[in-house]
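In the working numbering, the protein residues as written are 65 to 195.
Even glycine gets a Cβ: it sits at the ideal position worked out from N, Cα and C.
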């Protein structure tokens, strides 16, 4: 989302909208978050640390929100500024259902630092990535 563009929002307003959307993703408020996306917020919007809506929803264990974002075209492999992928974040947090949703969506198990495979091994969750 760029400020002053077709949305007619100032950069400050765009920043506030993105902050609200990030909070909705963190909190798993799927319905409200989807309203933002349906009204033009790009599904792969990211914060200053390159955490996407999907990353935040995954990290906080909100499988329903992750499913909804993926259904709207979110990229399951976008990594944040620390080179972390959403599936590795979900493994770290023990969000097993989110891991399954992302794996089923084709998330790259070898991307990021640590990769999902490495994170699964570190945290005793390798069974979640088995075929």
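Three-state secondary structure (DSSP) at residue 109?
The three-state secondary structure of residue 109, taken from DSSP, is coil.
C-alpha distance - residue 98 paired with residue 72, whole-angstrom precision
Near 20 angstroms, if we compare the C-alpha coordinates of residue 72 and residue 98.
Specify the secondary structure class of residue 129 as computed by DSSP and reduced to three states.
Under the three-state reduction of DSSP output, residue 129 falls in the helix class.
Let me check understanding here. Comparing Cα to Cα, which of 168, 178, 148 and 129 lies closest to residue 93?
In terms of CA proximity to residue 93, 129 leads the group 168, 178, 148 and 129.
Test item: CB-CB of residue 159 and residue 123 under 9 angstroms:
Yes. Within cutoff.
Check whether the Cβ atoms of residue 134 and residue 167 sit closer than 9 angstroms, and answer yes or no.
Not in contact: residue 134 and residue 167 (Cβ atoms no closer than 9 angstroms).
Smallest Cα separation from residue 189: which of 152, 132, 102 and 106?
Among 152, 132, 102 and 106, the Cα nearest to that of residue 189 is on 152.
Going by C-alpha to C-alpha distance, which of 109, 114, 156 and 126 sits closest to residue 138?
Of the residues 109, 114, 156 and 126, the one whose Cα lies closest to the Cα of residue 138 is 109.
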